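Everything in the sequence shown is counted per the UniProt record's numbering, starting at 1 for the first residue and increasing by one. To start, the structure under review is shown below, and the notes come after it.
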Amino acid sequence: MGNYVRVDVDAAMLDGNMIILGIVVRNGVGEVVATTIKQVRDVGSVKGAEAMAVRLGTLFALNLGYRQEF
């Protein structure tokens with residue numbers, strides 16, 4: 001397989017206004033190479049939380065040294 005990674009993201013709403021953002025980075029054969037989570041408050045909406053997860057995932061992969069190529 002090619003030298004690429006897939007970044008999976010998710011956001012979970014807990015009681016009240018607590019949101020957990022989860023990120024999993026996988027290599028070209030599906031093996032997990034890195035993970036992270038972040039707690040945030042007062043996001044405002046589910047769509048906002050998902051957008052924050054995508055942003056966090058992108059920045060996390062960039063900080064790991066992966067670059068976007070098409």
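Every residue, glycine too, gets a C-beta built ideally from N, C-alpha and C. For clarity, every value in this text was computed on a predicted model and none was experimentally measured.
Original post:
From residue 51 to residue 64, what does the alpha carbon distance come to, in whole angstroms?
Top reply: Straight-line Cα distance between these residues: approximately 20 angstroms.
Subject >> Backbone CA spacing between residue 15 and residue 42 [nearest angstrom] >> reply: So the two alpha carbons sit approximately 12 angstroms from each other.
Original post:
Between residue 23 and residue 9, is the Cβ-Cβ spacing less than 7 angstroms?
Top reply: For residue 23 and residue 9, yes; Cβs fall inside 7 angstroms.
Original post:
residue 64 by DSSP, collapsed to three states: which one?
Top reply: Coil at residue 64, not helix or strand.
Subject >> Same chain, Cβ closer than 8 angstroms to residue 35, five either side skipped, listed in chain order >> reply: Within the same chain, residue 35 has close Cβ partners 22, 23, 24, 25.
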